[in-house]
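Residue numbers (my numbering): 6 to 70.
No residue lacks a Cβ here, since even glycine has one placed at the ideal position from N, Cα and C.
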């Protein structure tokens, strides 16, 4: 078993964060050395929504895992 840390980010490109807000959840494998976990190909997108909150997205991911 490998720990699977989840990260969330507000990917809006706007300064006010009021418009075009998208919540994005991704994961990386924590067993990799730091120089590999920072590489783009080791970041795996899991969910993205412009409607659901980060908690709703995380609930769905946890149910699947």
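Contact belief for residue i with residue j at Cβ below 8 Å, rounded distance in angstroms
{"i": "residue 31", "j": "residue 49", "result": "6 Å"}
Cα-Cα separation, residue i to residue j
{"i": "residue 4", "j": "residue 66", "result": "A question about residue 4 goes unanswered here, because the residues of the chain that appear run from 6 up to 70."}
{"i": "residue 56", "j": "residue 64", "result": "15 Å"}
Extent of the continuous alpha helix (DSSP H) to which residue i belongs
{"i": "residue 30", "result": "Residue 30 -> not in any alpha helix (DSSP H); beta strand (DSSP E) instead, spanning 28-32."}
{"i": "residue 50", "result": "That residue, residue 50, is in no alpha helix (DSSP H); its beta strand (DSSP E) goes 49-54."}
Contact set for residue i: own chain, Cβ-Cβ below 7 Å, skip 5 residues either direction
{"i": "residue 16", "result": "27 and 29"}
CB contact flag (residue i, residue j, <8 Å)
{"i": "residue 8", "j": "residue 33", "result": "no"}
{"i": "residue 37", "j": "residue 47", "result": "yes"}
{"i": "residue 13", "j": "residue 70", "result": "no"}
Beta-carbon contacts of residue i that lie in its chain and below 8 Å, excluding the five residues immediately before and after
{"i": "residue 35", "result": "7, 8, 9, 10 and 42"}
{"i": "residue 54", "result": "27, 28, 61 and 62"}
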